[in-house]
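Inspection log for the structure reproduced underneath, given as C-alpha cells.
In this note's numbering, the protein residues as written are 7 to 178.
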C-alpha cells in the first residue's frame, strides 16, 4: 500500500454514498492517517483497513483545477505569469486504404510538463524531435495535482497555501 506524504491530496471512497470525497493528509498515525476532510472542514482519522478495503484515488490534473488556480488555457498550454504547464500528447495519423477517406489515429499521453519561462523554447525543440526516454530525463512530467501544488508553493509561497488549495478542490 502507498505511504502518503504530509499535505498530499487524495480522494477517499465513501461506500455509503458510492462516491469519493477529498481530503488532505496531515500526518501518519500508528494504524492510518489523520486527515483534513475538505467537505466537512474537520480533522478525521482514516485507517489502513479503510484504504485497503474501500480504496482511494489521486487528485489528477484537470483543466478545471488549473483554471481555478489562475492558469489560462491556450490549446494544450496553460500559463500563469512565468509558469507554463504543457499537456504533452504524441500521436500519429495513418491513412487507411479502404475506405479512402478514413484515417487511424494513435496517441500517447506523456503527462504534463511544468516549465519556467526560460525552458519553453528548448522544450518546443526537444518535443518536436521527441524521443520518449530522453525527454523524460530532461524535463519532469507529472499527472497528479499534488506535484503542481508543490511546484507552486515552492515558486510562490506568498501567493499559494494549502488552505487556498483546499478551497480550490472543494469548489469542484
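For glycine and all other residues, C-beta sits at the position ideal for the given N, C-alpha and C.
task: Decide if residue 92 is buried, meaning its Cβ has at least 16 other Cβ atoms within 10 Å, or exposed.
output: buried
message: Rounded to the nearest angstrom, what separates residue 68 and residue 11 at their Cα positions?
response: So the two alpha carbons sit approximately 21 Å from each other.
query: For residue 83, which residues from the same chain have a beta carbon less than 8 Å from its beta carbon, with the 5 sequence-adjacent residues on both sides left out?
result: Leaving aside the five residues that flank residue 83 on each side, the residues in its chain whose CB is nearer than 8 Å to its CB run, in chain order, 90, 91, 92, 93.
message: Measuring only the C-alpha atoms, how far is residue 76 from residue 162?
response: 13 Å
- prompt: Opposite residue 64 in the DSSP bridges: which residues?
  reply: 16
message: Can you look up residue 31 in the DSSP assignment and give me helix, strand or coil?
response: If DSSP states are grouped into helix, strand and coil, residue 31 belongs with the strands.
query: In its own chain, which residues sit with a C-beta less than 6 Å from the C-beta of residue 155, not counting the 5 before and 5 after it?
result: Taken in chain order, the residues that qualify are 171.
query: For residue 15, which of 150, 160, 164 has the nearest alpha-carbon?
result: 150
- request: Might you give, ordered along the chain, the residues of its own chain that have their beta carbon closer than 6 Å to the beta carbon of residue 36, omitting 5 neighbours on each side?
  value: Cβ within range, chain order: n/a, list empty.
query: What is the residue span of the beta strand (DSSP E) that residue 48 lies within?
result: 48-53
message: Is the separation between the beta-carbon of residue 174 and that of residue 28 shorter than 7 Å?
response: no
- request: Starting from residue 159, trace the alpha helix (DSSP H) both ways and give me its first and last residue.
  value: 151-161
- prompt: Terminal residues of the continuous beta strand (DSSP E) containing residue 83?
  reply: 83-86
Own chain, CB closer than 8 Å to residue 63, minus 5 neighbours either side, in chain order: 16, 17, 19, 26
- request: Just confirm the distance between the C-beta atoms of residue 13 and residue 168, as a whole number of angstroms; I'd bet it's less than 8 Å.
  value: 5 Å
CA-to-CA distance, residue 39 to residue 32, given in whole angstroms: For residue 32 and residue 39, the distance between alpha carbons rounds to 7 Å.
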